[in-house]
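Since the structure comes first, as structure tokens, the remarks are kept for the end.
Quick look at the structure:
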């Protein structure tokens, strides 16, 4: 059953839920209503996630600030927590990205963290430097 | 995040090289722990899987802690070693070292299936052949694929093997397979102490102490009969993991009881590295061979996936075969928060220890050995749990457990992209003249590689 049946009724005139049950049958009506609510929740999540701050590339003050803000939002500032770590293989590659805050390009994928790129020549030197090693694993903490 | 219906928080992701030692890795962990403690975030556990390096990181964290608190559970049998749990105290916070219980279960399964040892207790043994036999019998809860061409990382297969259904099947159809029955029972219960959603903490302590006393009796039996532990006991790695599982749950309960106010429940199954593996699994579904920048760009999608899994309670198909990891940490069916927020007193624990020792002795008696024979006046004294680890170098055990260290390479990652990249780099470096047809083919492959990379970037 198409969801448009709900919006159609909403547009023209309000309709009691009992009428919808009468039209669709109780099982289908409840199912459609549940999925409608779920779609709303999902789009809300996506809107919120789109406004989430950029994930920090290094361990720094911002790393912990984000965790603290998350816990405060949950109302769980003083409860016990567990930390866990694991690693997995990575496709070893240098990739460049534009940092809009720093207004400069960075190369990511080396074991020393993000490297600032001043100009194309500098990038060429960096990539040819045998001391610049690509990361082969990512270690994640939760 | 040890709370039901709350998605884990991804704290940090760092690019590292393949060959970092435990000494180098522990620096990152300390940096994260110190940063969290400076913000008054109360971390009470540090969990990881059972690889040699990860366990070494945990050992170093305890050794380099500001101070250590030792919790002791007295052994009810005189002359037998007590259970001692060392808890790291960092910046005034107590941190318990935890082994991932589902990894532990797979380790116990792999020890049972190993041809390098013959698990021997009393008049019985626990062997792969018997498990293979029952897999082919009618009505068996174990699938053929669980015993043939087996996937050593298969969570579902390990759960099926160490399940009440398998125990029931064995006890009904093969009551003479007592070695397997007791082995499966003891270690299933040890992992259940972490995974059970409704059990009281008192019961959890009993299960882990029973495993501890059973292992003590097993070790004493081998010492008395002068059987080699290398061949007839658990591997060195499995022994260490068992010790950490036993001590971990006691440590967590003690820290919640003694150092945490506010009646927070303890949900031990959430103190694991399962959430980390879940993130990696979700990331590989978006881009199979992801680079560091892909992973960072993916973070928003990964957070949504985690929340979706937690809110929807999306567990994998438990009947799946050879399917590797199966994440269940967000499954909270049967949750009993009142029981999980009630902690036993020291006196209760001592009473439980007595019960656990009695049960371990009953289990050993079932295997044909009267515990009094091991503890008599002319018997050797039961060895300390620490001596399990000081035995002679166990080469076979190491070979047998190499699968654990290789585990990160088995996460559905066959390195196709790496291989293609290497070939392209070799091609660029080489100055070999080729036919027009070969050059055309190479150009097509290069374009294909670029198209795959562009596709991955679009998916992120």
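Residue numbers (the numbering used here), protein chains in the order written: chain A, 92 to 233; chain B, 6 to 465.
Beta carbons: idealized from backbone N, C-alpha and C, even for Gly.
Query, Result
"For a contact defined as C-beta to C-beta under 8 angstroms, what are the partners of residue 150 of chain A on chain B?", "17, 19, 33, 36, 37 and 40"
"Kindly indicate which residue of B/237, B/34, B/433 and B/451 has the alpha-carbon position closest to the one of residue 233 of chain A.", "B/34"
"If we require 4 or more residues per run, which alpha helix (DSSP H) segments fall completely within the region 264-299 of chain B?", "279-291"
"With 8 angstroms set as the bound, which would you pick, yes or no: does the beta-carbon of residue 171 of chain A sit closer than that to a beta-carbon of chain B?", "yes"
"Return the Cβ separation of residue 254 of chain B and residue 209 of chain B in integer angstroms, given the expectation that the two are a contact with Cβ distance under 8 angstroms.", "6 angstroms"
"Could you tell me whether the Cβ atoms of residue 292 of chain B and residue 159 of chain B are closer together than 8 angstroms?", "no"
"Can you tell me whether DSSP reads residue 117 of chain A as helix, strand or coil?", "helix"
"Relative to the alpha-carbon of residue 207 of chain A, which residue among A/227, A/152, A/183 and A/196 has its alpha-carbon at the smallest distance?", "A/196"
"Buried or exposed: where does residue 216 of chain A fall if 16 or more other Cβ atoms within 10 Å of its Cβ makes it buried?", "exposed"
"Run through chain B and tell me which residues come within less than 7 angstroms of residue 200 of chain A, C-beta to C-beta.", "20, 296, 297 and 298"
"Establish whether the CB of residue 208 of chain A and some CB of chain B are separated by less than 8 angstroms.", "no"
"Using a Cβ-Cβ distance under 8 angstroms, would residue 218 of chain A count as near chain B?", "no"
"For residue 461 of chain B, which residues does DSSP report across the bridge?", "Answer is none; residue 461 of chain B lacks a bridge partner."
"Against residue 192 of chain A, what residues of chain B qualify as contacts under a CB-to-CB distance less than 7 angstroms, listed in chain order?", "Per Cβ cutoff of 7 angstroms: no residues; residue 192 of chain A is ~15 angstroms from chain B at best."
"DSSP state of residue 204 of chain B, grouped into three classes?", "coil"
"Pull up the CB-CB distance for residue 102 of chain B and residue 51 of chain B, whole angstroms please, since I reckon it's below 8 angstroms.", "6 angstroms"
"Counting only the same chain and skipping the five closest in sequence on each side, list residues whose C-beta sits under 6 angstroms from that of residue 76 of chain B.", "90 and 259"
"How big is the Cα-Cα spacing for residue 166 of chain B and residue 8 of chain B?", "29 angstroms"
"As a quick exercise: from B/48, B/73, B/173 and B/303, pick the residue whose alpha carbon is nearest that of residue 167 of chain A.", "B/48"
"Measure how close the beta-carbons of residue 185 of chain B and residue 212 of chain B come, nearest whole angstrom, since I'm counting them as under 8 angstroms.", "With 8 angstroms as the limit, residue 185 of chain B and residue 212 of chain B do not qualify as a contact, their Cβ atoms being about 19 angstroms apart."
"Using a Cβ cut-off of 8 angstroms, pull out every chain A residue sitting near residue 49 of chain B, in sequence order please.", "171, 172 and 173"
"Considering only DSSP beta bridges, list what residue 178 of chain A is partnered with.", "A/230"
"Counting contacts by CB-CB distance shorter than 8 angstroms, is residue 422 of chain B in contact with chain A?", "yes"
"Please report how far the alpha carbon of residue 188 of chain B lies from the alpha carbon of residue 131 of chain B, in whole angstroms.", "7 angstroms"
"I'd like to check one pair, residue 225 of chain A with residue 201 of chain A: are the Cβ atoms closer than 8 angstroms?", "yes"
"By the criterion of Cβ-Cβ separation under 8 angstroms, what are the contact partners of residue 186 of chain A in chain B?", "296, 297, 298 and 299"
"Locate the beta strand (DSSP E) running through residue 19 of chain B, then write down its first and last residues.", "17-21"
"With H, G and I counted as helix, E and B as strand and the rest as coil, what does DSSP make of residue 190 of chain A?", "strand"
"Which residues share a DSSP beta bridge with residue 249 of chain B?", "Per DSSP, none; premise fails for residue 249 of chain B."
"With 8 angstroms as the threshold, decide whether the Cβ of residue 212 of chain A is near any Cβ in chain B.", "no"
"Can you tell me which of the three DSSP states residue 206 of chain A falls into?", "strand"
"Expressed to the nearest angstrom, what Euclidean distance is found between the alpha-carbon atoms of residue 114 of chain A and residue 120 of chain A?", "8 angstroms"
"Terminal residues of the continuous beta strand (DSSP E) containing residue 88 of chain B?", "88-95"
"Could you tell me whether the Cβ atoms of residue 372 of chain B and residue 183 of chain B are closer together than 8 angstroms?", "yes"
"In this structure, does DSSP put residue 68 of chain B in helix, strand or coil?", "helix"
"Please report the distance separating the alpha-carbon of residue 179 of chain B from that of residue 353 of chain B.", "37 angstroms"
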